[in-house]
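A.B. asks: Chains as they are written, first to last, in this note's numbering: chain A, 1 to 225; chain B, 1001 to 1486. Ideal Cβ positions, reconstructed from N, Cα and C, are used throughout, including at glycine. Remember, predicted model here, so these are calculated numbers, not experimental data. Have a look at the structure that comes next, please.
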Amino acid sequence: MLKVTNLHVSIDGKSILNGINLEVKPGEVHAIMGPNGSGKSTLTNVIAGRDGYEVTQGSIEYLGKDLLELAAEERACEGIFLAFQYPVEIPGVSNMAMLKAAMNSMRKYRGQEEIKAGDFLKLIRQKADLVEMKHEFLKRAVNQGFSGGEKKRNEILQMAMLEPKLALLDETDSGLDIDALKTVSHGVNALRSPERSMVLVTHYQRLLDYIVPDYVHVLANGKII
Amino acid sequence: MSAPILNEKNKDLKELVKREYKEGFVTDIESDTFEPGLDEDVVRRISAKKNEPEFMLEYRLKAFRRWLKMPEPGWAHIDYPKIDFQSIAYFSAPKEMPQLDSLDQVDPKLLETYAKLGIPLEEQKMMNNVAVDAVFDSVSVRTTFRETLSKAGVIFMPISEALQEHPELIKQYLGSVVPTQDNYYAALNAAVFSDGSFVYIPKGVRCPMELSTYFRINEMNTGQFERTLIIAEEGAYVSYLEGCTAPQRDENQLHAAVVELVAHKDAEIKYSTVQNWYPGDENGKGGIYNFVTKRGLCKGDNSKISWTQVETGSAITWKYPSCVLQGDNSVGEFYSVALTHNKQQADTGTKMIHMGKNTSSTIISKGISAGHGHNTYRGLVKILKGADNARNFSQCDSLLMGDQCGAHTFPYIEVQNPTANLEHEATTSKISEDQLFYLKQRGLGEEAAVSMIVNGFCKDVFRELPMEFAVEAQKLLEVSLEGAVG
Ligand SMILES: Nc1ncnc2c1ncn2[C@@H]1O[C@H](COP(=O)(O)OP(=O)(O)OP(=O)(O)O)[C@@H](O)[C@H]1O
Ligand SMILES: [Mg+2]
């Protein structure tokens, strides 16, 4: 599904990743651990297509495509989802409106029709229940005034709605209390399937007690060791 | 219904990227236009053309003589070459006056024009609950739904006709909110206004539909001087929509309208504008100069007036819809989105004059500047001596796109009563890379992501618009912002 080969990345001439190799097969869950500043978010951001990073060497292949050729939104439409370490607030745009636009943009990309309003509503309520999120959060502006834990939960809700093929979860467990960790893990586990792969970035072993990975990698100094 | 701003339903992205002014076409209709120039004789001729009662001519002449003595205002935060008032033609009417009873009798080219603008009258007539009074250049061409309205006792007609049919109402109210000497452009308008809309809602009547007028400037070098007068009697309610477009031309065109609203006891008037006049090209060539005086008088106790505006067009916008809160417990509201792109300049805001007791006002202003656009909010909240327990809440937010545009905020406050309670908030922000990436990661393209963020920024204003108008306003912003990022 995903094959990262000898990836070198720098920001403003400063080298951050120095030859990452990572292969993720369909259905696999990989955990990446590592100290602060080791480049974990950089790796997930580069896979998701964020601007501002320079790939100086290496390649990323995704479902047989050269991922580096695709724009961020195309990667998303191809099924890559990033749960952000620091989810962004978007004032005035409701969670629901954003998700509906996101969903329809992806459906359009895939040549599908827009989702019917009624079906969308049913789906989002069902997924909100899955991550135990009160329905009133659906009408609130994206992440605005959400607590740290609520933001993380909201990321998982979005993942559940968008049904990615490859989910990158960047420290989704950070800042969660034990109950929230359980619900979020439950949500993530419910999405595990033989076709869906996941990369979990975390600092804590305890997440891996709830979401049991197939592989654990350690990233240090821009390399997987 | 489809409110008549843009027919953007299935727009092609490529076409969008070109960001052409969509309403830029000229209708080729024989018209009866005065030679450019302005003197007393022109004023007399306008009045004669319209077969006006004597008091109206007197009113115009008085205004004209005042105007001659007034200096052109120069204090707004905008910059433009001096207007040569002698080079403007002050009257332009389609030559064949269409009949008012049947669409068949309207010049097909006119109907075509409306269709291009997205106001198929026929369709609207059948499917929508909106009465349209379209103003083509200076003469109102057609009023729909007049029957339904007249059953309710509502008068909705071109002001030129109202002068024939209800001269006593015009005489009573015209200039009662915006006196002729109020300002330079208001005086000019009073002298030469050609047409506009008149609305009268009798006591206790809730107008059964949204009233809509549609302005469009067509003739070359004609200034458009609209005059609108809306009266809501005791306990009446009306929601009025105004949409504006103009064809694309190299020369600047002047638009100097006056709108007066009067709300009696317990009455409410909601006035919404979506303004999309031609803004000029990216170098600032052409475009409309939009110098407008809009004022509402909350005359009776418990009356309410709301102004909601979405201003995306015009080369220059100079506009301060205001409320005079005379009745006790009366309420004034101003919700505004103003967008400037390329070389556009906007100086807009409101005045809330509190006179009665327990009066309250709300001001929500959202300015968006892109390219070299300059956006100024200028507002005055004035609490007079007798206005015990007056309240005002003001919020002025600016969104900047790029680093060559500007946003300026001038909130003026004058308080003469110590019981007043005023709150003011202001923010300036930029669309962040983080927000853009977040939305792209959710599958939205750059354009869609930007427009979603901008729409979110404007939400507090859009939700005040009638639903369909809000949809059109969003589309308009989308189109107006083409090429603003990247
Ligand atoms: N935009 C940037 N400009 C300069 N340096 C950056 C930028 N983004 C990241 N870095 C640097 O790259 C290195 C890796 O950062 P990254 O965010 O990938 O670490 P991380 O492993 O995710 O850390 P944490 O566990 O704290 O989230 C850090 O030294 C960071 O300072
Ligand atoms: Mg990180």
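Which residue from S1272/B, R1206/B, K1294/B and E1165/B puts its Cα closest to that of V1177/B?
C.D. replies: To locate residue 1177/B, count along the second sequence from 1; it is residue 177. Residue K1294/B is the option with its Cα nearest to V1177/B.
A.B. asks: For chain A, find out if any of its Cβ atoms is closer than 8 angstroms to the Cβ of F1457/B; answer yes or no.
C.D. replies: Reading the second sequence from its first residue, position 457 is the one you call residue 1457/B. Yes - at least one Cβ of chain A is within 8 angstroms of the one on F1457/B.
A.B. asks: Just checking: is the beta-carbon of V88/A within a distance shorter than 8 angstroms of some beta-carbon in chain B?
C.D. replies: The sequence position of residue 88/A within the first sequence is 88, counting from 1. Yes, contact with chain B.
A.B. asks: Would DSSP call L1325/B helix, strand or coil?
C.D. replies: In the second sequence, residue 1325/B corresponds to position 325, counting from 1. Three-state result, L1325/B: strand.
A.B. asks: Runs of 3 residues minimum, wholly inside the segment 71 to 116 of chain A: which ones carry the beta strand (DSSP E) assignment?
C.D. replies: Those beta strand (DSSP E) runs which fall completely within the segment 71 to 116 of chain A and span 3+ residues are 80 to 83 and 90 to 94.
A.B. asks: Kindly list the residues whose CB is nearer than 6 angstroms to the CB of G27/A, restricted to its own chain and excluding five residues on each side of it in sequence; keep chain order.
C.D. replies: Sequence index remark: in the first sequence, residue 27/A carries index 27 (1-based). These residues qualify, in order along the chain: P194.
A.B. asks: Are there 16 or more other CB atoms within 10 angstroms of the CB of K108/A, so buried, or fewer, so exposed?
C.D. replies: On the first sequence, position 108 is the one that residue 108/A refers to. Label assigned to K108/A: exposed.
A.B. asks: Can you grab the Cα-Cα spacing for the pair A1390/B / G1379/B, in whole Å?
C.D. replies: In the second sequence, counting from the first residue as 1, residue 1390/B sits at position 390. In the second sequence, counting from the first residue as 1, residue 1379/B sits at position 379. So the two alpha carbons sit approximately 17 angstroms from each other.
A.B. asks: Using a Cβ-Cβ distance under 8 angstroms, would F84/A count as near chain B?
C.D. replies: Taking the first sequence and counting its residues from 1, the one referred to as residue 84/A is at position 84. So, interface residue.
A.B. asks: What span of residues does the alpha helix (DSSP H) with D179/A cover, start to end?
C.D. replies: As a first step, residue 179/A must be located in the first sequence, where it is residue number 179. Unbroken alpha helix (DSSP H) run through D179/A: I178 to L191.
A.B. asks: Taking 7 angstroms as the limit between beta carbons, can you name the residues of its chain near A1191/B, skipping five residues before and five after?
C.D. replies: Translated into the one-based positions of the second sequence, residue 1191/B becomes position 191. Cβ neighbours of A1191/B beyond the five flanking positions: V1043, R1060, A1063, F1064 and W1067.
A.B. asks: Count the other CB atoms within 10 Å of the CB of F81/A; is the residue buried (16 or more) or exposed (fewer)?
C.D. replies: Stepping through the first sequence from its first residue, residue 81/A is reached at position 81. Its Cβ being crowded by 16 or more others within 10 Å, F81/A is buried.
A.B. asks: First and last residue of the beta strand (DSSP E) that includes Y215/A?
C.D. replies: The sequence position of residue 215/A within the first sequence is 215, counting from 1. That run of the beta strand (DSSP E) goes Y215 to A220.
A.B. asks: Any C-beta of chain A sitting closer than 8 angstroms to the C-beta of I1368/B?
C.D. replies: Here residue 1368/B refers to the residue found at position 368 when the second sequence is read from its first residue. So, not an interface residue.
A.B. asks: Alpha carbon to alpha carbon, what distance is there between A48/A and A71/A?
C.D. replies: Here residue 71/A refers to the residue found at position 71 of the first sequence. Here residue 48/A refers to the residue found at position 48 of the first sequence. Distance between the alpha carbons of A71/A and A48/A: 9 angstroms.
A.B. asks: Run through DSSP, which three-state label would S15/A get?
C.D. replies: Translated into the one-based positions of the first sequence, residue 15/A becomes position 15. DSSP places S15/A in strand when its eight states are reduced to three.
A.B. asks: Going by DSSP in three states, F1291/B sits in which element: helix, strand or coil?
C.D. replies: In the second sequence, counting from the first residue as 1, residue 1291/B sits at position 291. Correct three-state label for F1291/B: strand.
A.B. asks: Could you compute how far the alpha carbon of T172/A sits from the alpha carbon of Q85/A?
C.D. replies: Here the question's residue 172/A lines up with position 172 in the first sequence. Here the question's residue 85/A lines up with position 85 in the first sequence. T172/A and Q85/A: Cα-Cα distance of roughly 6 angstroms.
A.B. asks: For K1357/B, which of P1418/B, Q1344/B and Q1345/B has the nearest alpha-carbon?
C.D. replies: Mapped onto the second sequence, residue 1357/B falls at position 357. For the residues P1418/B, Q1344/B and Q1345/B, the minimum Cα distance to K1357/B belongs to P1418/B.
A.B. asks: Count Cβ pairs between the segment 1297 to 1313 of chain B and the segment 1325 to 1338 of chain B that sit closer than 8 angstroms; are there 3 or more?
C.D. replies: Yes, the segment 1297 to 1313 of chain B is in contact with the segment 1325 to 1338 of chain B.
A.B. asks: Buried or exposed for D179/A, going by 16 or more other Cβ atoms inside 10 Å?
C.D. replies: Start at 1 with the first residue of the first sequence, and residue 179/A comes out as number 179. It is exposed - the Cβ of D179/A has fewer than 16 other Cβ atoms within 10 Å.
A.B. asks: In chain order, what residues place their C-beta within less than 7 angstroms of a heavy atom belonging to ligand 2?
C.D. replies: The set, ordered by position in the chain, is K40/A, S41/A, Q85/A, D170/A, E171/A and V201/A.
A.B. asks: Sorted by chain position, which residues of the same chain lie with C-beta nearer than 6 angstroms to A1232/B's C-beta, five sequence neighbours on each side aside?
C.D. replies: The sequence position of residue 1232/B within the second sequence is 232, counting from 1. Result list for A1232/B: I1201, V1238, A1263, A1267 and I1269, in chain order.
A.B. asks: Along chain B, which residues have their Cβ under 9 angstroms away from the Cβ of M1/A?
C.D. replies: Numbered from 1 along the first sequence, position 1 holds the residue referred to as residue 1/A. In chain order: nothing, as chain B lies at least about 18 angstroms away.
A.B. asks: Excluding the 5 residues preceding and the 5 following K139/A in the sequence, name in chain order all residues of the same chain whose CB lies nearer than 6 angstroms to its CB.
C.D. replies: Stepping through the first sequence from its first residue, residue 139/A is reached at position 139. Here the set comprises S94.
A.B. asks: Hey, is V201/A's beta-carbon within less than 8 angstroms of any beta-carbon in chain B?
C.D. replies: Numbered from its first residue, the first sequence carries residue 201/A at position 201. V201/A does not count as touching chain B.
A.B. asks: Rounded to the nearest angstrom, what separates A220/A and G19/A at their Cα positions?
C.D. replies: Counting from one through the first sequence, the residue named residue 220/A turns up at place 220. Counting from one through the first sequence, the residue named residue 19/A turns up at place 19. Those two C-alpha atoms are separated by around 11 angstroms.
A.B. asks: Ignore the nearest five residues each way along the sequence and tell me which others in G79/A's own chain have a CB closer than 7 angstroms to its CB.
C.D. replies: For this step, residue 79/A is matched to residue 79 along the first sequence. Excluding positions up to five away in sequence, the list reads P164, K165 and L166.
A.B. asks: Pick helix, strand or coil for N1129/B, following the three-state DSSP scheme.
C.D. replies: Working through the second sequence from its first residue, we reach residue 1129/B at position 129. With a pLDDT of only 42 at N1129/B, under 50, the local geometry of the prediction cannot be trusted, and no value is derived from it.
A.B. asks: I need the boundaries of the beta strand (DSSP E) containing F1410/B, first residue and last residue.
C.D. replies: Along the second sequence, one-based indexing puts residue 1410/B at 410. G1406 to V1415 is the span of the beta strand (DSSP E), which, as asked, contains F1410/B.
A.B. asks: At a cut-off of 7 angstroms, is D1266/B close to ligand 1 when judged by its beta-carbon and the heavy atoms of the ligand?
C.D. replies: To locate residue 1266/B, count along the second sequence from 1; it is residue 266. No, since every heavy atom of ligand 1 falls outside the 7 angstroms radius drawn around the Cβ of D1266/B.
A.B. asks: Could you pull out every residue in the same chain whose Cβ sits closer than 7 angstroms to the Cβ of E61/A, ignoring the five residues on either side in sequence?
C.D. replies: Numbered from its first residue, the first sequence carries residue 61/A at position 61. Contacts found: K3 and L67.
A.B. asks: Sorry if obvious, but does the Cβ on I1363/B come closer than 7 angstroms to a heavy atom of ligand 1?
C.D. replies: For the purposes of this step, residue 1363/B is taken as residue 363 along the second sequence, with counting starting at 1. I1363/B: no, Cβ never under 7 angstroms from ligand 1.
A.B. asks: Between the segment 31 to 51 of chain A and chain B, which residues of the former have CB atoms less than 8 angstroms from a CB of the latter, in chain order?
C.D. replies: Cβ contacts with chain B come from A48, G49, R50 and D51.
A.B. asks: Chain D partners of A1448/B, CB-CB under 9 angstroms?
C.D. replies: Considering every chain present, this structure includes no chain D. Its protein chains are A and B.
A.B. asks: For chain B, find out if any of its Cβ atoms is closer than 8 angstroms to the Cβ of V93/A; answer yes or no.
C.D. replies: Position 93 of the first sequence, counting from 1, holds the residue named residue 93/A. Yes, V93/A lies at the interface with chain B (some Cβ there is under 8 angstroms from its Cβ).
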